[in-house]
Structure formats: structure tokens, C-alpha cells
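Q: Structure incoming, see below.
Numbering (the working numbering), first residue to last: 1 to 200.
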């Protein structure tokens, strides 16, 4: 058994979240055991904790955890590729619909904006008198186009969000067990090496 003190984490520059979690769970120190690390395998950054090991211990940690890291990267890579495969067409469709809606909005509002600017620019001294009716006419023409643009864009965004949510759920379903196994292997490897180095 070997004791780990919170000041060791601070001395290494551990992030405040990890230091606070250590303090919450263990106080100022804890006797490291494999069972303890197995219990909290998913809470700590074991790759960072490897800095507590000697250079030889770090090399052994990398050797032992390498296969788990490779498997995690393989599984999450496949899951991420599937996520992109599903969401890319939805994103492309959203952009296509949004582009068409934007083009239609610009087509309808362009002449109205040009007329607004023409009327508005005719007489700056008459601006306040002329601007009111011109702005009202501009709004009359553009408000329906803007409403239609928002309607079409909203539908496209809702569909993208639906597809993205389903894909994200599937990604998390695949990624979760792989991440848990990766963290479990790393935690146990770190505990064994940390304890072994204290026994020397």
C-alpha cells in the first residue's frame, strides 16, 4: 500500500476539478489500493496521474495501457465516423434548404430594399417625412418573406436537430462502454505501478 497526498497533485499542477474531487472523496490523503482505483476508475485522469510514477513506471504504464487506448480509439473512431455519416447529409440538406430560403428572401426583399433606398435617398431634408411610408412599404413587402424564410429554416433546423440527436445518442451508446473499459484499465495499471514503486 502507498499513500497519495493532495499536495502531490497540486505540485504536479493538476486541474482544480481533479484536486477538488480528490479532497471531496479522500480529504488530504488516501492509501492507494487496486480496489480503490477500480471503484473510482471513471473519475480521475489516469494519464495525468502517471506523472506521479518514475520514468520507468510511466513507460510501463504506457505499455500496459497501450492496447486499451488503441481499442478505445478504434471503437470511438468507428462511432464518430458513423455519427458523421448520418449527420453530414442532414447538415448538407439544412444548408441547401437554408440557402434556397435565403435566396428567395433576398429575391423578394432586394427590390423592396432598393426602392426603400431610392425613396429614402431622394431628399435627405425630407427624410423623416418620406421615410415613414417607405419603411412601412418595405416592411409590408419583406415581412411575409422573412416569415417564410424563418418557417423553412426552422423546419430544416428541426430535421437536422432530430437526425443529429439520434446520431449523437448512438455515438454515446457505442462510446460509453469503450470509454469505461479504457478508464478501468488505465486506473488499475496506474494503481499497480504506483503501489509497486512505493514498495521499492
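Beta carbons are placed, not taken as given, at the ideal position from N, Cα and C, and that holds for glycine.
(1) What's the gap between the Cα of residue 45 and the Cα of residue 16?
(2) For residue 100, name the three-state secondary structure that DSSP assigns.
(3) Quickly, what does DSSP pair residue 5 with across the bridge? List them, please.
(4) According to DSSP, is residue 15 helix, strand or coil?
(5) Among 119, 10, 101, which one has its Cα closest to the Cα of residue 131?
(6) Is DSSP giving residue 36 helix, strand or coil here?
(7) Can you look up residue 48 in the DSSP assignment and give me helix, strand or coil?
(8) Counting only the same chain and skipping the five closest in sequence on each side, list residues whose C-beta sits under 7 Å from that of residue 22.
(9) Mind checking residue 33: buried by the 16 CB within 10 Å criterion, or exposed?
(10) Going along the chain, which residues of its own chain have a beta-carbon closer than 7 Å to the beta-carbon of residue 61, five neighbours each way excluded?
(11) Between residue 97 and residue 141, is the Cβ-Cβ spacing less than 8 Å?
(12) Look at residue 182 and residue 149 and say whether their C-beta atoms are less than 8 Å apart.
(13) In terms of alpha-carbon separation, which member of 76, 122, 186, 195 lies closest to residue 40?
(14) Count the other C-beta atoms from every protein chain shown that fall within 10 angstroms of the C-beta of residue 59, then say buried if there are 16 or more, exposed otherwise.
(15) Taking all protein chains shown into account, decide if residue 167 is buried (16 or more other Cβ within 10 angstroms of its Cβ) or exposed.
(16) On a CA-only basis, which of 178, 43, 101 is nearest residue 144? Give me that one, please.
(17) Checking 8 Å against the spacing of the C-beta atoms, do residue 70 and residue 175 come in under that value?
(18) Taking residue 14 and residue 48 to be in contact with their CB atoms under 8 Å, please state how far apart those CB atoms are, rounded to whole angstroms.
(19) Can you tell which of 117, 169, 199, 153 has its C-alpha closest to the C-alpha of residue 95?
(20) Once DSSP output is grouped into helix, strand and coil, what is the label at residue 122?
(21) Cα separation between residue 90 and residue 4?
A: In this structure, then:
(1) Pairing residue 45 with residue 16, the inter-Cα distance amounts to about 12 Å.
(2) Three-state DSSP puts residue 100 in a helix.
(3) 29.
(4) Looking at residue 15 - three-state DSSP - the assignment turns out to be coil, as it is neither helix nor strand.
(5) Of the candidates 119, 10, 101, 119 places its Cα closest to the Cα of residue 131.
(6) Helix.
(7) When secondary structure is reduced to three states using DSSP, residue 48 falls in the helix class.
(8) Excluding positions up to five away in sequence, the list reads 6, 9.
(9) Here residue 33 is exposed. Its C-beta has fewer than 16 other C-beta atoms within 10 Å.
(10) Only 50, 53, 189, 190, 193 meet the Cβ criterion.
(11) Against a cut-off of 8 Å, the Cβ pair of residue 141 and residue 97 comes out as no contact.
(12) Against a cut-off of 8 Å, the Cβ pair of residue 149 and residue 182 comes out as no contact.
(13) Nearest to residue 40 by C-alpha distance, out of 76, 122, 186, 195, is 186.
(14) Looking at its Cβ environment, which holds fewer than 16 other Cβ atoms inside 10 Å, residue 59 is exposed.
(15) Buried: at least 16 other Cβ atoms inside 10 Å.
(16) For residue 144, the closest alpha carbon among the candidates 178, 43, 101 is that of 101.
(17) Not closer than 8 Å, so no.
(18) Sure, about 7 Å apart at Cβ, within 8 Å.
(19) Considering only alpha carbons, the answer is 153.
(20) Three-state result, residue 122: helix.
(21) One Cα belongs to residue 90, the other to residue 4, and the distance between them is close to 50 Å.
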